[in-house]
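Enquirer:
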Amino acid sequence: PFWLKPGARFARRLSSSMGIDQSKRNKRRKTGGRRNVHIMKRKYNLGRPAANTKIGAKRVRPVRVRFGNTKWRALRLDHGNFAWPTERRAFKTKIISAVYNATNNEYVRTNTLTKGAIVLVDAAPFRLYYWKYYGLEVGRKKDDSDLSKRSPHARKRCEARAKDAKLEPALKEQFLTGRLLACVASRPGQCGVADGYILEGDELAFYKKKMEKKKKA
Numbered sequence: 004p005f006w007l008k009p010g011a012r013f014a015r016r017l018s019s020s021m022g023i024d025q026s027k028r029n030k031r032r033k034t035g036g037r038r039n040v041h042i043m044k045r046k047y048n049l050g051r052p053a054a055n056t057k058i059g060a061k062r063v064r065p066v067r068v069r070f071g072n073t074k075w076r077a078l079r080l081d082h083g084n085f086a087w088p089t090e091r092r093a094f095k096t097k098i099i100s101a102v103y104n105a106t107n108n109e110y111v112r113t114n115t116l117t118k119g120a121i122v123l124v125d126a127a128p129f130r131l132y133y134w135k136y137y138g139l140e141v142g143r144k145k146d147d148s149d150l151s152k153r154s155p156h157a158r159k160r161c162e163a164r165a166k167d168a169k170l171e172p173a174l175k176e177q178f179l180t181g182r183l184l185a186c187v188a189s190r191p192g193q194c195g196v197a198d199g200y201i202l203e204g205d206e207l208a209f210y211k212k213k214m215e216k217k218k219k220a
């Protein structure tokens with residue numbers, strides 16, 4: 004039997020100490036007791052430390068995984084592609100800070116990016132798009148949009164589009180501050196990018212309420 008073989012004690016010690024293991028074999032029981040380990044750790048149960056992607060100058064590392072595939076571990080990111088759902092457009096913009104994370108408050112304090120994290124992003128690319136497409140200025144108390152420099156054809160096209168332009172009040176307020184609330188939809192520690200979408204409608208109201216509750220607490 005295994006326990007009578009030479010070096011069995013060493014193997015057991017080795018099995019319990021080497022690497023992060025995802026199997027329950029090396030975990031404690033619910034009562035807190037230790038399990039008797041009769042099998043060494045296996046490569047297919049291997050786990051790795053969390054990436055804990057922070058906001059900063061881009062730093063991404065390749066990680067060789069099973070079957071020769073590659074994962075991209077983002078250690079630092081400061082930009083991402085964020086979609087504007089109602090406009091069906093996406094723009095690369097700067098990530099300013101993490102403001103809410105349902106998983107852990109520490110992620111907000113340390114500005115850690117994870118999937119589902121709520122972040123503040125720069126509103127400039129979205130504001131520029133609105134000006135180019137609709138000919139309307141957002142993010143200012145007075146609309147000083149001047150279309151006189153555009154050609155008559157372009158002016159007519161912008162005016163036609165502006166009739167159907169709809170921007171909810173909550174989003175207008177954010178444009179005034181120059182920052183928009185967005186949700187990270189990708190997995191920075193797995194694919195090396197922090198892409199997501201701008202919060203709107205009920206989802207925006209939900210997260211605003213959550214953040215206000217956290218501030219009061």
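Sequence positions in the sequence shown follow my numbering and run 4 to 220. Just so you know, even glycine gets a beta-carbon here, dropped at the ideal spot from N, CA and C. Since this is a predicted model, take the numbers as computed values, not measurements.
(1) On the DSSP letters alone, give me the boundaries of the beta strand (DSSP E) that Ala-101 sits inside.
(2) Using C-beta distances below 6 Å, list every residue in its chain close to Ala-173, excluding the 5 sequence neighbours before and after it, in chain order.
(3) What three-state label does DSSP hand Asp-167 in the structure shown?
(4) Nearest to Gly-199 by alpha carbon, out of Asp-205, Val-187 and Gln-193?
(5) Taking C-alpha atoms, which residue in Lys-217, Arg-31 and Leu-202 lies nearest to Pro-88?
(6) So, are the CB atoms of Asn-84 and Ala-77 less than 8 Å apart?
(7) Are the beta-carbon atoms belonging to Val-122 and Ser-100 less than 8 Å from one another?
(8) By the three-class DSSP mapping on this structure, what secondary structure does Gly-71 have?
(9) With a threshold of 8 Å, are at least 3 pairs of Cβ atoms found where one atom belongs to the stretch 130-142 and the other to the stretch 102-120?
(10) From what residue to what residue does the beta strand (DSSP E) around Thr-56 run?
(11) Please classify Arg-51 as buried or exposed, where buried requires at least 16 other C-beta atoms within 10 Å of its C-beta.
(12) Identify whether Arg-32 lies in helix, strand or coil by the three-state DSSP scheme.
(13) Compute the beta-carbon to beta-carbon distance between Ala-54 and Asp-81, rounded to the nearest angstrom, for a pair I have assumed lies under 8 Å.
(14) Go to Gly-142, then tell me how far its beta strand (DSSP E) extends in each direction, as first and last residue.
(15) Of all the options Tyr-210, Asn-48, Gly-195 and Lys-211, which has the alpha carbon lying nearest to the alpha carbon of Lys-66?
(16) Determine, using beta carbons only, whether Arg-79 and Thr-96 come nearer to each other than 8 Å.
(17) At what residues does the alpha helix (DSSP H) containing Leu-123 begin and finish?
(18) For Ala-220, count neighbouring Cβ atoms within 10 angstroms of its own Cβ and tell me buried if that reaches 16, exposed if not.
(19) If Gly-22 and Lys-44 are in contact, beta carbons under 8 Å, what's the gap, nearest whole angstrom?
(20) Spatial neighbours of Leu-183 within its chain, please: CB distance less than 6 Å, with the 5 preceding and 5 following residues excluded, ordered by chain position.
(21) Let's test the definition: count the other Cβ atoms within 10 Å of the Cβ of Asn-39 and tell me whether it reaches 16, buried, or not, exposed.
(22) Could you tell me which of Ala-163, Asn-48 and Tyr-132 sits nearest to Arg-91, measuring between CA atoms?
(23) If you follow the alpha helix (DSSP H) that Val-111 is in, where does it begin and where does it stop?
Expert: So, from the listed chains and residues:
(1) Position 98 of the sequence shown, counted from the first residue, corresponds to residue 101. Residues 92-103.
(2) The residue labelled residue 173 in the question sits at position 170 within the sequence shown. Short of 6 Å from the beta carbon of Ala-173, and not among the five residues preceding or following it, lie these beta carbons of its own chain, in chain order: Leu-207.
(3) Working through the sequence shown from its first residue, we reach residue 167 at position 164. DSSP places Asp-167 in coil when its eight states are reduced to three.
(4) Against the sequence shown, residue 199 aligns to sequence position 196. Of the candidates Asp-205, Val-187 and Gln-193, the residue whose Cα lies closest to the Cα of Gly-199 is Val-187.
(5) Here the question's residue 88 lines up with position 85 in the sequence shown. The residue with the shortest Cα to Cα distance from Pro-88 is Leu-202.
(6) Residue mapping note: residue 84 aligns to position 81 of the sequence shown, counting from 1. Residue mapping note: residue 77 aligns to position 74 of the sequence shown, counting from 1. Judged by their CB atoms, Asn-84 and Ala-77 are not nearer to each other than the 8 Å cut-off.
(7) As a first step, residue 122 must be located in the sequence shown, where it is residue number 119. As a first step, residue 100 must be located in the sequence shown, where it is residue number 97. The answer is yes: Cβ separation under 8 Å.
(8) For the purposes of this step, residue 71 is taken as residue 68 along the sequence shown, with counting starting at 1. Here DSSP, grouped into helix, strand and coil, assigns Gly-71 to helix.
(9) Contact between the stretch 130-142 and the stretch 102-120 is absent: fewer than three C-beta pairs spanning the two stretches fall below 8 Å.
(10) Stepping through the sequence shown from its first residue, residue 56 is reached at position 53. DSSP places Thr-56 in the uninterrupted beta strand (DSSP E) bounded by 56-58.
(11) For this step, residue 51 is matched to residue 48 along the sequence shown. Flag for Arg-51 reads exposed.
(12) Here residue 32 refers to the residue found at position 29 when the sequence shown is read from its first residue. The answer is coil: DSSP assigns Arg-32 none of H, G, I, E or B.
(13) Here the question's residue 54 lines up with position 51 in the sequence shown. Here the question's residue 81 lines up with position 78 in the sequence shown. Their Cβ separation, rounded to whole angstroms, is 15 Å, which puts Ala-54 and Asp-81 out of contact at 8 Å.
(14) For the purposes of this step, residue 142 is taken as the residue at position 139 of the sequence shown. Secondary structure note for Gly-142: it is in no beta strand (DSSP E), with a DSSP letter that is neither H nor E.
(15) Position 63 of the sequence shown holds residue 66. The residue asked about is misnamed: residue 66 is Val in this sequence, not Lys. A check of alpha carbon separations from Val-66 across Tyr-210, Asn-48, Gly-195 and Lys-211 identifies Gly-195 as the nearest.
(16) Translated into positions along the sequence shown, residue 79 becomes position 76. Translated into positions along the sequence shown, residue 96 becomes position 93. With respect to Thr-96, Arg-79 sits apart: the two C-beta atoms are not nearer than 8 Å.
(17) What you label residue 123 is simply residue 120 of the sequence shown in a count that begins at 1. Per DSSP, Leu-123 lies in no alpha helix (DSSP H) segment; the continuous beta strand (DSSP E) that holds it begins and ends at 121-125.
(18) The count along the sequence shown starts at 1 and reaches residue 220 at position 217. With fewer than 16 Cβ atoms within 10 Å of its Cβ, Ala-220 is classed as exposed.
(19) Position 19 of the sequence shown, counted from the first residue, corresponds to residue 22. Position 41 of the sequence shown, counted from the first residue, corresponds to residue 44. The pair is a contact, with the Cβ atoms about 6 Å apart (cut-off 8 Å).
(20) As a working mapping, residue 183 is identified with position 180 in the sequence shown. Hits under 6 Å: Val-124, Ala-126, Gln-177 and Ile-201.
(21) The sequence position of residue 39 within the sequence shown is 36, counting from 1. Here Asn-39 is exposed, its C-beta having fewer than 16 other C-beta atoms within 10 Å.
(22) The residue given as residue 91 occupies position 88 in the sequence shown. Of the candidates Ala-163, Asn-48 and Tyr-132, the one whose C-alpha sits nearest the C-alpha of Arg-91 is Tyr-132.
(23) Here residue 111 refers to the residue found at position 108 of the sequence shown. If you look at Val-111, you'll find it in the alpha helix (DSSP H) that goes 108-112.
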